[in-house]
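Each residue of the sequence shown is one higher than the last, beginning at 2 in this note's numbering. Don't be surprised by glycine CBs; every beta carbon is placed ideally from N, CA and C. These figures come from a predicted structure and were not determined experimentally. Reading through the structure tokens given below for one structure.
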Amino acid sequence: TGKSITPVQLAESLALQHSVFSATGEERKEAIKKTSNLIIEIAHQVNVYPVGQAALADDGRILVSEPYYDEKEDCV
């Protein structure tokens, strides 16, 4: 089983999401990269994989879909 997200990770995630929303140009690209890396780290830690798709909305929200499988065996 996975661990829970830590308060530090939650605070960092919220700060990064805000920076994506408020940044422009190269700063925005860097904020998106940092946010994506944190999402990956947290997802592995809390055992939420597999996910279907993950996307970062223009307003900084993180959108995650459930995976789709034709057969149960495909989800291994």
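Annotated three-state conformation of residue 34 is helix, per DSSP. In this structure, the beta-carbon distance from residue 36 to residue 17 falls below 8 Å. Counting every other CB atom within 10 Å of its CB across the protein chains shown gives residue 21 a total of 16 or more, marking it as buried.
Straight across, the Cα-Cα distance linking residue 44 with residue 13 is about 14 Å.
When only Cα atoms are considered, residue 24 and residue 38 end up about 17 Å apart.
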